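A.B. asks:
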Amino acid sequence: MENNDFTYKDIIELVRPISKRHSPMANADRAKQFSPFAALKGYEEALQLKQKRYTPRIELTEDAKSLLDRKLHILNQWLENGQKPIVTIRYFVPKTVRNPGKTLDESDIELGSYLEISGAVEKINSETQRIQISGELLAVDDVVDLQEGPLTGTSEKTVCIFEADCV
8 MENNDFTYKD IIELVRPISK RHSPMANADR AKQFSPFAAL KGYEEALQLK
58 QKRYTPRIEL TEDAKSLLDR KLHILNQWLE NGQKPIVTIR YFVPKTVRNP
108 GKTLDESDIE LGSYLEISGA VEKINSETQR IQISGELLAV DDVVDLQEGP
158 LTGTSEKTVC IFEADCV
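End of the sequence shown sits at 174 in the working numbering; the numbers just go up one at a time, nothing left out.
1. On the DSSP bridge list, what partners appear for serine 120?
2. If you measure between the beta carbons of valine 151 and isoleucine 81, is that distance less than 9 Å?
3. Compute the Euclidean distance between the alpha carbons of isoleucine 25 and proline 43, then round it to the nearest angstrom.
4. Tell me whether serine 125 is buried or exposed, calling it buried when 16 or more other Cβ atoms sit within 10 Å of its Cβ.
5. When you compare each of Thr62, Ala146, Ala127, Gly142 to glutamate 134 by their alpha carbons, which one comes out closest?
6. With DSSP run on the structure shown, which of helix, strand or coil describes lysine 40?
7. Under a three-way DSSP split, which group does alanine 53 fall into?
8. Whose CA, out of Gly89, Glu87, Leu153, Ser73, lies closest to the CA of phenylalanine 99?
9. Give me the DSSP bridge partner(s) of glutamate 134.
10. Please report the straight-line C-alpha distance between lysine 72 and glycine 142, rounded to a whole angstrom.
11. For aspartate 149, does the three-state DSSP call read helix, strand or coil?
12. Work out the CA separation of phenylalanine 13 and isoleucine 19 for me, nearest whole Å.
13. In its own chain, which residues sit with a C-beta less than 6 Å from the C-beta of tryptophan 85, not counting the 5 before and 5 after it?
14. Do you know offhand how far glutamate 87's Cα is from asparagine 132's?
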């Protein structure tokens, strides 16, 4: 359906009116009006949780527990001497529980993921069983490995703390 009669020819050449009361909106602010919004709050986070692969918590052997305890003791001595050694800690982060009423049974397998953090150890609190490293607080029970030095690929220089890491 073609319309040869151009109905807006009387206003098409007019200059856009400019308000005397309101200043023109910046282009960045104008673009925000058309940006996408989350119609369902938390939907993206729920999708990411579904896509995440979880692994069962590793139960450390008695030898591994005693080695980890010795390393923590050495770290604590260094901190008491005013030194802040740089280490890499591998720790377990439990999966967030969606049903707060459900508790873990002895037969349940706790799922989660393992993360690594590298940085200067700032504090070890023996009362609360927490390690503070690079501003993060980690539970000692969640730590599965503790190594001297930063993650591979970084250039921070460290001294040899643990004899097993010095080889």
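No residue lacks a Cβ here, since even glycine has one placed at the ideal position from N, Cα and C.
This one's a predicted model, so the numbers in the text were calculated from it and none came from an experiment.
C.D. replies: On the basis of the data shown:
1. Taking the sequence shown and counting its residues from 1, one reaches residue 120 at position 113. Val100.
2. Translated into the one-based positions of the sequence shown, residue 151 becomes position 144. Translated into the one-based positions of the sequence shown, residue 81 becomes position 74. Contact flag unset, no.
3. Stepping through the sequence shown from its first residue, residue 25 is reached at position 18. Stepping through the sequence shown from its first residue, residue 43 is reached at position 36. About 28 Å.
4. One-based indexing of the sequence shown puts residue 125 at position 118. Buried: at least 16 other Cβ atoms inside 10 Å.
5. Reading the sequence shown from its first residue, position 127 is the one you call residue 134. It is Ala146 whose Cα lies nearest to the Cα of glutamate 134.
6. As a first step, residue 40 is located in the sequence shown; it is residue number 33 there, counting from the start. The sequence given here places glutamine at residue 40; lysine does not occur at that position. Reduced to three states, the DSSP call for glutamine 40 is coil.
7. The sequence position of residue 53 within the sequence shown is 46, counting from 1. Alanine 53 falls in the helix class under three-state DSSP.
8. Start at 1 with the first residue of the sequence shown, and residue 99 comes out as number 92. Comparing Cα positions, the closest option is Leu153.
9. Here residue 134 refers to the residue found at position 127 when the sequence shown is read from its first residue. None, per the DSSP bridge assignment.
10. Locating residue 72 in the sequence shown gives position 65, counting from the first residue. Locating residue 142 in the sequence shown gives position 135, counting from the first residue. Going by the C-alpha atoms only, they are around 25 Å apart.
11. Taking the first residue of the sequence shown as position 1, residue 149 is located at position 142. It is helical.
12. The residue given as residue 19 occupies position 12 in the sequence shown. The residue given as residue 13 occupies position 6 in the sequence shown. Looking at the two C-alpha atoms, the distance is approximately 10 Å.
13. Here residue 85 is taken as the residue at index 78 of the sequence shown, counted from 1. Same-chain partners within the cutoff: Pro92.
14. Here residue 87 corresponds to residue number 80 of the sequence shown, with the count starting at 1. Here residue 132 corresponds to residue number 125 of the sequence shown, with the count starting at 1. Each residue's alpha carbon lies about 12 Å from the other.
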